[in-house]
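Chains as they are written, first to last, in the numbering used here: chain A, 29 to 278; chain B, 29 to 278.
Just below is one structure, and these are the notes that go with it.
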């Protein structure tokens with residue numbers, strides 16, 4: 029039977045979500061805990077991969093288990109085995125062919141910025157010690173709705189077939205001491221959010237006009253966009269599935 | 029001339045605010061930075077002392093400087109010298125006899141609790157992995173308004189003359205994933221907030237009745253109150269002064 033594991037992690041000490049040689053990943057640590065608890069080798073497949081240092085407030089991964097499981101008990105046991113920086117929120121019964129990656133219809137990311145030295149967000153937000161024109165950054169951000177091809181914000185060595193994404197939400201807002209950028213889309217290209225934020229910061233600093241921002245998108249050339257901002261301030265906050273994904277056994 | 033330094037710090041790596049032998053304090057680190065920037069030995073006096081590991085989102089300390097200073101420049105220089113976990117927000121001109129400790133008329137603390145494993149609040153909140161009756165905890169907390177002598181919540185070896193405090197605000201509220209206890213009073217006794225929270229948690233867990241909570245206060249005996257909760261989840265969030273404190277030179 030297939031299940032969706034709903035989880036969160038502080039990515040600070042991990043080289044991203046996905047398994048890789050010679051570096052510790054979130055996936056690997058969860059697979060090890062699952063294998064210990066279920067007493068057999070178990071692999072999981074995540075809704076996407078986050079880069080080194082990137083966090084997830086909500087992530088899903090699917091797993092296949094032969095026998096019926098007590099989900100509440102499994103959540104409890106996994107949380108006991110897992111380190112403090114990874115937490116399992118829930119385990120959902122899903123239909124047999126549900127796929128954590130291919131069935132996801134939306135992903136939401138937040139990027140956290142502080143514009144003053146902040147002892148409580150040194151690890152969790154990116155410090156931009158300058159005045160930012162947030163209204164202008166919002167105006168530029170809204171231009172993203174007018175485009176579909178975001179090759180200019182994608183890592184160049186990537187195996188995707190198209191650079192098309194549908195942007196559904198985009199917004200800069202002040203939340204107490206944090207300046208938060210929220211973006212939701214059906215899919216994201218590698219490094220896309222961090223490249224968008226880096227480019228919008230140039231707008232906010234007065235170094236790039238809105239017309240210039242549009243030209244960058246139209247150029248489809250990563251070299252024209254801004255510097256990618258650090259991963260430590262990036263949070264995957266939601267992954268969305270169609271309701272029928274969860275309508276099944278259990 | 030006397031100035032008030034307004035600052036914040038993440039107390040995780042410090043043995044509290046106040047200078048002490050053989051352990052690093054926040055006061056010591058700020059005095060060192062000030063002495064470097066002003067090129068002479070400088071001492072400061074804080075609004076109060078926080079215990080080891082306790083944080084401050086707003087703290088004040090006074091300092092005497094002979095010559096006129098450029099406050100904006102001094103804030104900038106101090107922040108460059110100070111580590112990431114201490115930040116200076118502002119330097120205020122105050123009247124000549126203003127006293128950071130004796131003139132403070134109110135102090136506000138928050139205590140942060142999570143009731144589920146949380147990868148983002150492992151260091152910043154206290155995990156109580158049980159169901160808490162928050163309504164009952166609020167009901168008990170309101171009883172604090174009916175008392176003035178809080179000896180039962182004070183460290184026994186302390187040099188205070190009285191155990192009288194006036195509680196001005198007290199409240200438990202859910203803020204997203206955090207259960208936050210806020211308390212404001214004219215003054216606090218040593219360890220008082222952590223002892224109150226520990227005792228109110230016993231109420232929330234159903235181990236102590238409201239009548240029992242009142243009996244503890246009336247007993248004036250620290251041994252009757254609950255266990256003190258960890259310092260890592262305690263935040264001094266505001267120190268209040270009368271407006272005239274800031275009405276002066278500069």
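Glycine included, C-beta positions come from ideal geometry on N, C-alpha and C.
Quantities reported herein were computed from a predicted structural model and do not represent experimental measurements.
Listed in chain order, the non-local C-beta contacts of residue 78 (chain B) below 7 Å within the same chain comprise 39, 44, 45, 84, 264, local neighbours out to five positions each way being set aside.
Residue 213 (chain A) places its beta carbon 8 Å or farther from that of residue 253 (chain A). For residue 112 (chain A), the C-beta contacts it makes with chain B under 7 Å involve 147, 150, in order along the chain. In the DSSP assignment, residue 264 (chain A) forms a beta bridge with A:84, A:137.
A contact between stretches requires three or more CB pairs, one per stretch, nearer than 8 Å, and the region 110-125 of chain A fails this requirement with the region 149-169 of chain A.
For a cut-off of 8 Å, the C-beta gap from residue 122 (chain A) to residue 241 (chain A) is around 40 Å, too long to register as a contact. Residues of the region 50-71 of chain A with a C-beta less than 7 Å from any C-beta of chain B: none at all. By the CB criterion at 8 Å, residue 117 (chain B) and residue 59 (chain B) fall outside the cutoff. For residue 38 (chain A), the C-beta contacts it makes with chain B under 7 Å involve 147, 148, in order along the chain. Taking the beta carbon of residue 107 (chain A) as reference, the chain B residues within 7 Å of it are 145, listed in sequence order. With respect to the 8 Å criterion, residue 259 (chain B) and residue 57 (chain B) are not classified as neighbours on the basis of their beta carbons. Note on geometry: alpha-carbon atoms of residue 76 (chain B) and residue 220 (chain B) lie some 13 Å from one another.
Looking at the DSSP output, residue 51 (chain B) shares a beta bridge with B:48. The straight-line gap separating the alpha-carbon atoms of residue 64 (chain B) and residue 184 (chain A) is approximately 47 Å. Counting the other CB atoms within 10 Å of its CB gives residue 114 (chain A) a total of 16 or more, which places it among the buried residues.
Residue 89 (chain A) has a beta carbon lying at 8 Å or more from every beta carbon in chain B.
The alpha carbon of residue 80 (chain A) has as its nearest neighbour, out of A:41, A:209, A:133, the alpha carbon of A:41. Taking a cut-off of 8 Å for Cβ pairs, the region 131-138 of chain A and the region 199-213 of chain A touch, as three or more such pairs fall below it.
Only residues of its own chain outside the window of five on either side were considered, and among them none has a CB closer than 8 Å to the CB of residue 150 (chain A).
Counting along the chain, residue 222 (chain B) sits inside the alpha helix (DSSP H) bounded by residues 220-232. Close partners of residue 115 (chain A) in chain B (Cβ separation under 8 Å): 144, 145, 146, 147. Approximately 13 Å separates the beta-carbon atoms of residue 255 (chain A) and residue 244 (chain A); this is outside 8 Å, ruling out the contact. Here residue 179 (chain A) is buried. Its C-beta has 16 or more other C-beta atoms within 10 Å. With a 10 Å radius around the Cβ and a threshold of 16 neighbouring Cβ atoms, residue 49 (chain B) comes out exposed. Residue 100 (chain A) and residue 225 (chain A) have their alpha carbons spaced roughly 39 Å apart. Take residue 154 (chain B), set aside five residues on each side of it, and the residues of its chain with a beta-carbon closer than 6 Å to its own are 141, 257, 258, 261, in chain order. Look at residue 207 (chain B) here: in three-state DSSP terms it is strand.
For residue 56 (chain B), the three-state secondary structure derived from DSSP is helix.
In the three-state reduction of the DSSP assignment, residue 243 (chain A) falls in the helix class, which pools H, G and I.
Taking 8 Å as the cut-off, the beta carbon of residue 86 (chain A) is found closer than this to the beta carbon of residue 267 (chain A). The straight-line gap separating the alpha-carbon atoms of residue 102 (chain A) and residue 52 (chain A) is approximately 23 Å.
Each residue's CA atom was taken as its position, placing residue 230 (chain A) and residue 196 (chain A) some 23 Å apart.
Proximity to residue 128 (chain A) across A:71, A:146, A:206 peaks at A:71, based on C-alpha coordinates. Judged by DSSP in its simplified three-state form, residue 72 (chain A) adopts strand.
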